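From first to last, the protein sequence lines stand for chains A and B.
Going left to right, the first sequence walks through residues 2 to 376 as our numbering numbers them.
Going left to right, the second sequence walks through residues 23 to 221 as our numbering numbers them.
All C-beta atoms in this analysis are idealised placements derived from N, C-alpha and C, irrespective of residue type, glycine included.
Values in this document were obtained by computation on a predicted structure and should not be read as measured data.
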Amino acid sequence: MKRGSLVSLLIYLIVAAFIIFLTVMLFRALVPEPPQPEVERARAAIARARDHRSEVYSPKIYREAQNNYDSAMAAWRSENDRFILFRDYERVVTFAAIAQKRADEATRNTIIRSNNLKANLGSEINRMREEMQSFEKIFLSMPLPKDIKNKHSRGKLLLREAEIDLEKENYVNGNVKITEANEYISGAYVLARKTLEDYYKHYSDWQEWATSTINESRRTGSYVILVEKIPGLCHLYHGGKKKYTFEAEFGSNWLGDKKSRGDMATPEGKYVVTKKLSGGSTKYHKALMINYPNKIDIQEFNERIRNGQLPADASIGDMIEIHGDGGKGANWTQGCVALRNDDMDLLFKYASKGTPVTIIGSTLTLEEFFSSSQK
Amino acid sequence: MKNRFFLVIATVAAVALMTSCAKVPQEALDAASAALESAKTVQTDVYFPAEFAALNDSLNVMLQNIETQKSKSAKDFKVVKTNADAIAVKAAELAGNVEVKKAEVKAEAETMMAGAKTLLDEAKALILKAPKGKEGKAVVEEIKNELTVIETSLTDTQALFDGGTNYVQVVDKLKAATDGINGIIAELKEAMVKAGIKI
């Protein structure tokens, strides 16, 4: 090959290389930059939101972030299907920016919401614990309907489940549980209080009976017996002054007046001792028989039969006594008042035939009762 | 002649730039997605939530990488293929671990269930010996009532266990029930000690 031809070939090659270089440079300048940084920022923001459990605490905003991210990816794929020089990633960038914004918002919202839920769960657990303890203090010994006590026990179990959720940082679940526990515990408390309020509708009678009995003792200088069912006490008064107070036990269904035989309730009203029984005349240590049913009891019983509150074949019952063999720590009698034997000995000593016996719910008002129970 | 030469050169360069021959490793990608899907089916998201989320994230990064490569004039999917393979392997591994973890939690739930039932029997036996002191019977009645509620809850939990949907939830419920029974037993024992009754 001639030297001239070689030089011209070399020039051709240099020019060709230059053209290729220019083409590549031009091409690279024309190809749009992929939106990778924007999409990556969005993905990282979503991952952060997810790590904070935004799916649980801010589901709507988190879903929006996720949807926008998916749209960004779909738009990116769609642009990549086009001819390389005609691609436009503006929509991808827009979607990614919204996704990032929403994800950051979800994270912020989640932090606030989970803190609020945590605080709410903690305070509700404390409130429920107090309400539960209050229920147990006030109503535990009362013969409340079983469904009320079941409600309370169910609430107590749910409260424990909520406490476990708090320990495990499951604040959403915990709040669901504590709301349910609240329904049971507060529901039981409200029903129990309502039962007691209904019982307290007779308070004015109790007050009148107690006052007149004590006044009678003061006026005549005699002994009188006053029995209070709610605090479970039997007082002996002399000359209007309290001489002794004994713990007393009643019928297992003591919350309310006696209505008929076998209802396990202890009657309420003004009675007198009709008989003093001891030795072989009573199966208990000693006993003071009272005149239940009195005139008012008979009147009320007949009225209940008439208005259908009691079946026609119901009987009123009798043989109500204040007797010994108490101190069992339970309301176990069939309607009598039971005292410990040594207390019964004292009462038996001072009581005689005709000694007034007044049985009431309580001398305390409902509010006084609640505040004394809280102490 | 010269013009034709340059034209050929330019065309070759342009074609080479515009048509990169690298292809998306679709098979590996499908395998990774399928592995993740089947991991979810066996509740990997329940038993290994953090690991499952991280894997999902890796998939997202990989999909991003694919689009990044597709956006370039010169594509390279070698890393994508490696990542997809790694995700598939990890997802399968996690799914396998779920079975192990599930069995562990199931065994824990079984042990706790048996323990709770034993405790329940113990509490019932203690009730028979419970003191009859002040308010004793009322307290015993209340305790009996509470035990009945816990027993019902245990029956419900047993049904949840038999369903096999979520043993973690079963364990939590059993923990609450066990705590409840333990509380009752402690209360009964304390009362018995106070009353001088031999436990």
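(request) Flag this pair as touching only if the stretch 179–187 of chain A and the stretch 157–168 of chain A have three or more C-beta atom pairs under 8 Å; answer yes or no. (result) Yes, they touch.
(request) Check whether the Cβ of residue 292(A) lies closer than 8 Å to any Cβ atom in chain B. (result) no
(message) Using the Cβ count rule (16 or more neighbours within 10 Å means buried), how would you classify residue 131(A)?
(response) exposed
(message) So, at 6 Å on beta carbons, what are the nonlocal neighbours of residue 1(A) in its own chain, with the 5 sequence-adjacent residues on each side left out?
(response) A query on residue 1(A) cannot be resolved here, the shown segment of chain A reaching from 2 to 376 and no further.
(message) Just verifying my parser: in three-state terms, what is the DSSP assignment at residue 34(A)?
(response) coil
(message) According to DSSP, is residue 226(A) part of a helix, a strand, or is it coil?
(response) Assigned with DSSP and collapsed to three states, residue 226(A) falls in strand.
(message) Looking at the strands, I want to know which residues DSSP matches up with residue 323(A).
(response) 289(A), 338(A)
(request) Measure how close the beta-carbons of residue 100(A) and residue 47(A) come, nearest whole angstrom, since I'm counting them as under 8 Å. (result) 7 Å
(request) Note down, one range per segment and in chain order, each alpha helix (DSSP H) of at least 4 residues found wholly within the stretch 130–194 of chain A. (result) 147–168
(request) Tell me whether the beta-carbon of residue 336(A) lies closer than 8 Å to the beta-carbon of residue 294(A). (result) no
(request) Mind checking the stretch 90–104 of chain A against chain B and listing, in chain order, the residues whose C-beta falls within less than 7 Å of any C-beta there? (result) none
(request) Counting only runs of 4+ residues fully inside the stretch 75–144 of chain B, write out the alpha helix (DSSP H) ranges in chain order. (result) none
(request) Give the residues from the stretch 181–213 of chain B that approach chain A closer than 8 Å (Cβ to any Cβ), ordered along the chain. (result) Closer than 8 Å at the C-beta level to chain A, one finds these residues of the stretch 181–213 of chain B: 194, 195, 197, 198, 199, 201, 202.
(request) In angstroms with no decimal places, state the Cα-to-Cα distance between residue 7(A) and residue 90(B). (result) 44 Å
(message) Quick check: what's the CA-CA separation for residue 372(A) versus residue 139(A)?
(response) Going by the C-alpha atoms only, they are around 10 Å apart.
(message) From the DSSP secondary-structure annotation, give me the bridge partner or partners of residue 359(A).
(response) 227(A), 271(A)
(request) Starting from residue 248(A), follow the alpha helix (DSSP H) in both directions and report where the run begins and ends. (result) Segment 242–248 is the beta strand (DSSP E) holding residue 248(A); no alpha helix (DSSP H) there.
(message) I'd like to confirm the pairing. Which residues does DSSP put opposite residue 79(A) in its beta bridges?
(response) Residue 79(A) pairs with nothing; no bridge assigned.
(message) Going by C-alpha to C-alpha distance, which of 324(A), 330(A), 56(A) sits closest to residue 343(A)?
(response) 324(A)
(request) Please list, in chain order, all residues of the same chain as residue 162(B) whose beta carbon is under 7 Å from its beta carbon, the five residues on each side excluded. (result) 149, 152, listed in sequence order.
(request) Using the DSSP secondary-structure output, state which residues sit across from residue 233(A) in a beta bridge. (result) None, per the DSSP bridge assignment.
(request) Using a threshold of 8 Å, state whether the C-beta atoms of residue 112(A) and residue 163(A) are closer than that. (result) Result no, Cβ atoms of residue 112(A) and residue 163(A) do not sit closer than 8 Å.
(message) Given a cut-off of 8 Å on the beta-carbon distance, is the pair residue 83(B) and residue 44(A) in contact?
(response) yes
(request) Could you please give me the residues that DSSP links to residue 278(A) through a beta bridge? (result) 288(A)
(request) Put residue 123(A) into one of helix, strand or coil per three-state DSSP. (result) It is helical.
(message) Quick check on the burial criterion: 16 or more other C-beta atoms within 10 angstroms. Buried or exposed for residue 299(A)?
(response) exposed
(message) Excluding the 5 residues flanking residue 123(B) on each side, which residues of the same chain have their C-beta closer than 6 Å to its C-beta?
(response) 69
(request) Give a yes or no on contact between the stretch 7–17 of chain A and the stretch 69–86 of chain A, applying the rule of three or more CB pairs nearer than 8 Å. (result) no
(request) Name, please, each residue of chain A whose Cβ falls closer than 8 Å to the Cβ of residue 85(B). (result) 74
(request) Run down chain B in chain order and give the residues with a C-beta less than 9 Å from the C-beta of residue 35(A). (result) 89, 90, 91, 92, 93, 94
(request) Within the same chain, show all residues whose beta-carbon is closer than 7 Å to that of residue 237(A), passing over the 5 residues directly before and after it, in chain order. (result) 224, 226, 244, 245, 348, 351
(message) Can you pull the chain A neighbours of residue 80(B), defined as C-beta to C-beta under 8 Å?
(response) What residue 80(B) touches in chain A: nothing, since even the nearest Cβ is about 10 Å away.
(message) Residues of chain B with CB closer than 9 Å to the CB of residue 83(A), please, in chain order.
(response) Near residue 83(A) there are no residues of chain B at all, since even the closest Cβ is about 11 Å away, more than 9 Å.
(message) Just to make sure I have the definition right: I need the residues of chain A whose C-beta is within less than 9 Å of the C-beta of residue 149(B). Which are they?
(response) Within chain A, no residue comes near residue 149(B); the closest Cβ sits about 14 Å away, beyond 9 Å.
(message) Please report the straight-line C-alpha distance between residue 231(A) and residue 275(A), rounded to a whole angstrom.
(response) 25 Å
(message) Taking the alpha-carbon of residue 204(A) as reference, which of 102(A), 368(A), 249(A) has the nearest alpha-carbon?
(response) 368(A)
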